[in-house]
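Residue numbers (mature numbering (1 follows the signal peptide of the UniProt record, and there is no 0)): -18 to -1, 1 to 561.
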């Protein structure tokens, strides 16, 4: 669809959809006011209502040059990508007479496994897409920068080392790595890379010619991209480029798109799998299954605690109730209207898509900053509420003042989520080190993370841990060989991820005759072996040993000062093992 057609259809919508010039002026004033108080550099907005479409940019894509955002400016849509991967899988599955209930073992065979036999034997595609695996999330794997040369197939085989967080199919456990595996399943079934498949089987048939993947973080410096920014006390700073690497989770979060292209995607969803020419790309029954509740939702697990994602009367003037999760879509109800939605956050980018299937309405917006925790979330949410109310013919319950204070005055903002700028929190004063810090320095390897280096921090009695692009200060605790981790770089990741950890992550060094490794707790225990490398071959026996002994490693969960059991870590096989 050309820009001329977009503008013509936008004019038609003004006369048929209720977006009169006065309402459009009110909408623009609201958006610009919210962007100012929430300190958002640039924003793209796309609206579908029936056959009427409208897309527009606000603010700037490049603070240095003043280049404005337009409907054709490229933003990372992050986890909104998940619905694209779901649709691609549906296309490939129907061609092979398979379903979302097909077991993964039937497709991938015995060389792929999970942490225990029941998951290896029973896991289905539905379990991956609906976040029912119970496996640990471990987003730090791909944020740290997994080397691409290993390939998605090999990394998918290494998911057998991903530890358990919850019981299998016993609730909702949001996991980006499972969508990486889902993308690999599409690769195996179709005999091509996910990158080629998503372009040739979905984006091109939809006419989404401006939607793309990036080969390098430096691609976001191209002229048509919205550059990402984070806010400091000195003003906006360019976001660290090294964090914009998505391997192997491109199927979960890797797409970049424009407001104009997202119009086509939302029309495809609203038309139940038909493109602009009316051609069905996928059976409607498969999409109906994808956009129905498949698992009960845990918003704290998906969005973090105190996200104020659930609105209920009489606390709020309206209701926004989250019902469940489908495949790459949250199923919910806003003001009693059925709603499908998903957000996407990566670095300074944040996107939000709302679909009202019964009203034939879709709204998408994306911003390129400020990257500060909660501020962008509040901005996209309040703008989305206001736009949706106008489209639904409802009286907006937010105004320019409450959009800047939401969730206040309806509820008090939790202290830990009040506005703060991007400055690393001051580290706690370390207690005296329990041992000679030189004992711990060296390289450590894991099958899941890039190689890690432990070194001393010059001028202080602390250690530094570097895992790929991530840098931590390592503070001793009152228990020998147990240390707290404080993420300090990249700064935007430190505040959006590391500073929000509850409890603070820890590492426990494994002491045999000397230090032979450590167990890091990033919400689940991960083993790093001293002297090992991410690229080392992994003998099958290691997986068997890991499965048998992981349950014996409650190291970080024990209160400091208790006698920590390390019997399993002193197993003679493990002592001599190098993976």
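Glycine included, every Cβ here is placed at the ideal spot set by N, Cα and C. These figures come from a predicted structure and were not determined experimentally.
(1) Residue 331 bridges to which residues according to DSSP?
(2) Residue 73 and residue 264 look like a contact to me (Cβ under 8 Å); what is the Cβ gap, rounded to whole Å?
(3) Measuring only the C-alpha atoms, how far is residue 461 from residue 156?
(4) Per DSSP, which residues does residue 319 bridge with? Please list them.
(5) Have a look at 143, 23 and 167 and flag the residue whose alpha-carbon is nearest the alpha-carbon of residue 85.
(6) Please name the residue or residues paired with residue 579 in a DSSP beta bridge.
(7) Taking just the CA atoms, how far does residue 334 sit from residue 291?
(8) Over what stretch of residues does the alpha helix (DSSP H) that includes residue 165 continue unbroken?
(9) Of all the options 441, 134 and 448, which has the alpha carbon lying nearest to the alpha carbon of residue 423?
(10) Mind checking which residues open and close the alpha helix (DSSP H) that includes residue 7?
(11) Helix, strand or coil: which one does DSSP assign to residue 135?
(12) Within the 9 Å Cβ cut-off, does residue 503 reach chain B?
(13) Roughly how many angstroms lie between the CA atoms of residue 529 and residue 390, to the nearest whole one?
(14) Decide yes or no for the touch test of the stretch 28 to 37 against the stretch 173 to 181: beta carbon pairs closer than 8 Å, at least 3 of them.
(15) What ranges does the alpha helix (DSSP H) occupy inside the stretch 330 to 387, keeping only unbroken runs of at least 4 residues that lie completely in it?
(16) Do you know offhand how far residue 319's Cα is from residue 244's?
(17) So residue 120 and residue 163 are in contact, right, with Cβ under 8 Å, and what is the actual spacing, rounded?
(18) Look up residue 85 in the DSSP assignment and give the residues it is bridged to.
(19) Can you tell me the Cα-Cα spacing of residue 294 and residue 54, whole angstroms?
(20) Count the other C-beta atoms from every protein chain shown that fall within 10 angstroms of the C-beta of residue 238, then say buried if there are 16 or more, exposed otherwise.
(21) If you draw a straight line from the C-alpha of residue 2 to the C-alpha of residue 361, how long is it?
(22) Do residue 226 and residue 276 count as a contact pair if the criterion is CB distance below 9 Å?
(23) Tell me whether residue 78 sits in a helix, a strand or coil according to DSSP, three-state version.
(24) Are the CB atoms of residue 152 and residue 116 nearer to each other than 9 Å?
(25) So, are the CB atoms of residue 66 and residue 184 less than 9 Å apart?
(26) Could you name the residues of the same chain whose beta carbon sits closer than 6 Å to that of residue 385, not counting the 5 residues immediately before and after it, in chain order?
(27) Decide if residue 519 is buried, meaning its Cβ has at least 16 other Cβ atoms within 10 Å, or exposed.
(28) Mind checking residue 47: buried by the 16 CB within 10 Å criterion, or exposed?
With the structure as the only source:
(1) By 1-based counting over the chain shown, the position of residue 331 is 349. Residue pairing for residue 331: DSSP places it in a beta bridge opposite 328.
(2) Here residue 73 refers to the residue found at position 91 of the chain shown. Here residue 264 refers to the residue found at position 282 of the chain shown. Confirmed, about 5 Å.
(3) Working through the chain shown from its first residue, we reach residue 461 at position 479. Working through the chain shown from its first residue, we reach residue 156 at position 174. The alpha-carbon atoms of residue 461 and residue 156 are separated by roughly 32 Å.
(4) Locating residue 319 in the chain shown gives position 337, where the first residue counts as 1. BP columns for residue 319 point to 316.
(5) Taking the chain shown and counting its residues from 1, the one referred to as residue 85 is at position 103. Here the closest residue by C-alpha is 167.
(6) Residue 579 falls outside the range modelled here, since the chain spans only -18 to 561, and no answer is possible.
(7) Along the chain shown, one-based indexing puts residue 291 at 309. Along the chain shown, one-based indexing puts residue 334 at 352. Going from the Cα of residue 291 to the Cα of residue 334 covers about 13 Å.
(8) In the chain shown, counting from the first residue as 1, residue 165 sits at position 183. Counted as a single uninterrupted DSSP element, the alpha helix (DSSP H) harbouring residue 165 occupies residues 158 to 172.
(9) Reading the chain shown from its first residue, position 441 is the one you call residue 423. Residue 423 has its Cα closest to that of 448, out of 441, 134 and 448.
(10) Counted from its first residue, the chain shown places residue 7 at position 25. Residue 7 -> alpha helix (DSSP H) spans 3 to 20.
(11) Reading the chain shown from its first residue, position 153 is the one you call residue 135. If DSSP states are grouped into helix, strand and coil, residue 135 belongs with the helices.
(12) Annotation note: the requested chain B is absent from the structure, which comprises a single protein chain.
(13) Along the chain shown, read from residue 1 onward, the residue named residue 529 stands at position 547. Along the chain shown, read from residue 1 onward, the residue named residue 390 stands at position 408. Because the pLDDT of residue 529 is 47, which lies under 50, any placement of that residue in the model is unreliable, and the number read from its coordinates should be weighed accordingly. When rounded, the separation of the alpha-carbon atoms in residue 529 and residue 390 is 48 Å.
(14) Taking 8 Å as the limit for Cβ pairs, the verdict is that the stretch 173 to 181 does not touch the stretch 28 to 37.
(15) 357 to 374 and 382 to 387
(16) Counting from one through the chain shown, the residue named residue 319 turns up at place 337. Counting from one through the chain shown, the residue named residue 244 turns up at place 262. Cα to Cα, residue 319 sits roughly 22 Å from residue 244.
(17) Position 138 of the chain shown, counting from 1, holds the residue named residue 120. Position 181 of the chain shown, counting from 1, holds the residue named residue 163. Not a contact, Cβ separation roughly 13 Å.
(18) On the chain shown, position 103 is the one that residue 85 refers to. The partner list for residue 85 (beta bridge, DSSP) reads 106.
(19) Position 312 of the chain shown, counted from the first residue, corresponds to residue 294. Position 72 of the chain shown, counted from the first residue, corresponds to residue 54. A straight line joining the alpha-carbon of residue 294 with that of residue 54 spans about 37 Å.
(20) For this step, residue 238 is matched to residue 256 along the chain shown. Residue 238 should be labelled buried.
(21) Numbered from its first residue, the chain shown carries residue 2 at position 20. Numbered from its first residue, the chain shown carries residue 361 at position 379. If you take the alpha carbons of residue 2 and residue 361, they lie about 24 Å apart.
(22) Numbered from its first residue, the chain shown carries residue 276 at position 294. Numbered from its first residue, the chain shown carries residue 226 at position 244. No, the pair does not count as a contact, with Cβ atoms beyond the cut-off.
(23) Position 96 of the chain shown, counted from the first residue, corresponds to residue 78. If DSSP states are grouped into helix, strand and coil, residue 78 belongs with coil.
(24) Here residue 152 refers to the residue found at position 170 of the chain shown. Here residue 116 refers to the residue found at position 134 of the chain shown. Their beta carbons are under 9 Å apart, which means residue 152 touches residue 116 by this criterion.
(25) In the chain shown, counting from the first residue as 1, residue 66 sits at position 84. In the chain shown, counting from the first residue as 1, residue 184 sits at position 202. Going by C-beta atoms, residue 66 is nearer than 9 Å to residue 184.
(26) Counted from its first residue, the chain shown places residue 385 at position 403. So the list reads 16 and 364, once near-sequence residues are dropped.
(27) One-based indexing of the chain shown puts residue 519 at position 537. When all chains shown are included, residue 519 counts as exposed.
(28) In the chain shown, the residue the question calls residue 47 occupies position 65. Looking at its Cβ environment, which holds fewer than 16 other Cβ atoms inside 10 Å, residue 47 is exposed.
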